[in-house]
Structure formats: C-alpha cells, structure tokens
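The sequence shown begins at 86 in the working numbering and counts up one residue at a time.
Where a beta carbon is used, it is the ideal one built from N, C-alpha and C, also for glycine.
Note that this is a predicted model, so its numbers are computed, not measured.
First up is the structure itself, then whatever we jot down about it.
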Amino acid sequence: MTAKKLMVQGTFTGAGKSFLVALLCRIFREEGYKVAPFKLLNWTGVVHRDEEGREFGYSQVLQTVAAGTKPDYRTNPFTPKTLPGGKLDLLIEGRPIYRGYTFPWTLLKGWTIRRRRIWAKVKEAGKRCFEGLAAEHDIVVIEGSGPSKVLRMGFYTQMIEIANQWVAETFDAPVIIVGKCPQAVPPLLSHLKPEQRERVKGMVLNPFVAPQMLSHLTGEKEELFEKELAAGVEKEVGLKVYGVLPFFEELSKLPPLDPILWGEKPPLGPWEKIISKIAGEARDHLDVEGLLKLAK
C-alpha cells in the first residue's frame, strides 16, 4: 500500500460522514492529489449498477465524482442492500452472496453459524479492494459506518466494530470524528479501547451553525466566532478541531446522500457542480493543510 489514509467516523448515523468524505475528496483533488473514497460496509437501498452488473453504494459514486474518478465497486466491498418487505441482498464486491434475507429474524438469529464465514469474506474483500485502491491513488479517504462505537447490541455492535475499528486498525488510518454536537464526543471516546482512542486525532463539526448565527446578530466576521468556539471545544473535548462547517443550503435541497432505505438518487451532473461550489466555500472553514498533514 502506498497511499496516505484518513478515516472519517461519526458520532451517530447521519452525522455527515458521506458528505465530509466527498468534500475532502474534492478538496484534496483540487490540491493536486489522486484521491479515492473507501467504505467497507454500506447498508443502503440506493445502489449503483456498473457496466459489469456489480452493485454497490451510490454514495461512493457521489464521492468518486467529487474525487474526479470513475465509479469503482472497490470503494464499497460489502453492501447489505435494503429491499422492500424487510429483506436484504448481501453483496460482496458488487456480487450477491445471499439474496432475500429476511430482516431482522434471519439476520440476527440465522447468522449464528454463517456470519463468521461472511465476516471472513468481507474482511478478505476489504483488504483486496483497499490495497488495490491504495496502489493506484495518493490518498484514500475512508468512511466508517453508523456511529463510531455501539455497545451491547449483539450483531449490530459486531458489524459497527468491523466497519470502523477493524478498518482503522487494519489499514493504520488516523481518524477524525464528525458530528454537530461536541458534547457527544467525550462519551464516545470513553467507550473506545486505549489503542482505538489513540487513533482519533481530531474532529470536524458539521453543521455547526452558532458562528453563522452570531455573525448575523453582531455583524462580526464568522471566522472570529469559529476560532473562539473551536478553541473552547478543543479545551473541553481534548481533540483538535480541524473544521467548523456551516449549513450549506444547496446540500439541503438534495435527497439524502447515503440512506439506509431506498430513495431518490442525487443526479451526478448537478451534484458535481454543487460539491465543487461547496468545496470552494468550505475551504474557509477547514484546516486543509492540517488534514493533509494528518493523513498517513
């Protein structure tokens, strides 16, 4: 593996991981790097089918568009594809290994014997896909799944552990946490093992609208409030704040980027224009140089 790595984990499902990965892919591309996204496990009903018939998460297609590369099944090796009627297709490297799994009974109870074999296949595919991407790119921006850590939820806990902590450890990736509530970070960190906590190098607040609100009320520059609030968060949480992202209206008009259920797909043409525009604005709210130095 030759590429540098940077992993984005979240405080909760819907924290903005997919958006931040797409944003970093775009910004790093503009800095002259060849970039690829990677998400080991994407549980979603919105998938992309490539010319070979492989299906994988559509949010990884959005991220590859942001990175200026072509959709690649290797960016999402394992895709539990949500279907109507409470069923799932399980896809590895875009190909089905099981079809029509009934959720939750079969998923939670029926995997007792099979899931060890399934996870072994997922890990093998994850290593194979990641190593291929890392050999062809300068930076791989990794996205975790769900919240960074989940306790006492059986199968779901195991799934989240593999998608987040196993990936970070296996590929030796520094981690940044994204979320809109800084108070959610210390409890999350307290549940990580010491070696897992050591990998967490910083955080990005998204969206954190307090600086925007204060700027509108006082007429002062937004950046002043961002710096002041970031300093307070760093002191309280004990992590460097690499960005305080505002609310982007263009993003709110799109369908969800990475839904668990099925839904509309953000069209790729308008998406590329939107992420390009947002990337230009977001540079004022991100420590791009610091994030590039953090990638290893």
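Classify residue i as helix, strand or coil using the three-state DSSP reduction.
i: residue 68; result: In the structure as shown, the chain begins at 86 and stops at 381. Residue 68 is therefore absent and cannot be evaluated.
i: residue 126; result: strand
i: residue 213; result: helix
i: residue 87; result: coil
i: residue 174; result: strand
i: residue 183; result: strand
i: residue 326; result: strand
i: residue 247; result: helix
i: residue 283; result: helix
i: residue 354; result: helix
i: residue 267; result: helix
i: residue 313; result: helix
i: residue 208; result: helix
i: residue 120; result: strand
i: residue 98; result: coil
i: residue 165; result: strand
i: residue 195; result: Only weak support is given to the placement of residue 195: the predicted model assigns it a pLDDT of 49, under 50, and the value that follows is read from those uncertain coordinates. Coil, per DSSP.
i: residue 93; result: strand
i: residue 289; result: strand
i: residue 140; result: strand
i: residue 221; result: helix
i: residue 344; result: coil
Would you tell me roughly how many angstroms separate the C-alpha atoms of residue i and residue j, rounded to the nearest one?
i: residue 216; j: residue 303; result: 50 Å
i: residue 335; j: residue 144; result: 17 Å
i: residue 198; j: residue 204; result: Below a pLDDT of 50, predicted positions are generally treated as unreliable, and residue 198, at 47, falls in that range; no measurement from the model is reported.
i: residue 357; j: residue 367; result: 15 Å
i: residue 183; j: residue 172; result: 11 Å
i: residue 235; j: residue 154; result: 33 Å
i: residue 151; j: residue 360; result: 7 Å
i: residue 353; j: residue 133; result: 12 Å
i: residue 195; j: residue 369; result: Note that residue 195 scores 49 on pLDDT, short of 50, meaning its location in the model is unreliable; the coordinates nonetheless yield the value given after this. Whole-angstrom Cα-Cα distance: 50 Å.
i: residue 347; j: residue 272; result: 32 Å
i: residue 231; j: residue 167; result: 15 Å
i: residue 321; j: residue 270; result: 10 Å
i: residue 127; j: residue 137; result: 20 Å
i: residue 212; j: residue 91; result: 16 Å
i: residue 214; j: residue 176; result: 14 Å
Could you tell me the boundaries of the alpha helix (DSSP H) in which residue i lies?
i: residue 102; result: 102-115
i: residue 337; result: 334-337
i: residue 255; result: 252-255
i: residue 378; result: 373-379
i: residue 149; result: 143-152
Could you give the first and the last residue of the continuous beta strand (DSSP E) run that contains residue i?
i: residue 134; result: 132-134
i: residue 382; result: Lying before the first or after the last residue shown, residue 382 is absent from the chain, which here runs from 86 to 381.
message = Does the stretch 98-109 come into contact with the stretch 277-285, if we say contact requires no fewer than three beta-carbon pairs (one atom in each stretch) closer than 8 Å?
response = The stretch 98-109 vs the stretch 277-285: no contact.
Segment contact, 8 Å Cβ cut-off, at least three pairs: the stretch 318-334 with the stretch 113-124 = As far as the Cβ criterion goes, the stretch 318-334 does not touch the stretch 113-124, which means the pair count is below three.
query = Contact between the stretch 252-260 and the stretch 143-159: three or more CB pairs below 8 Å?
reply = No: fewer than three Cβ pairs fall under 8 Å.
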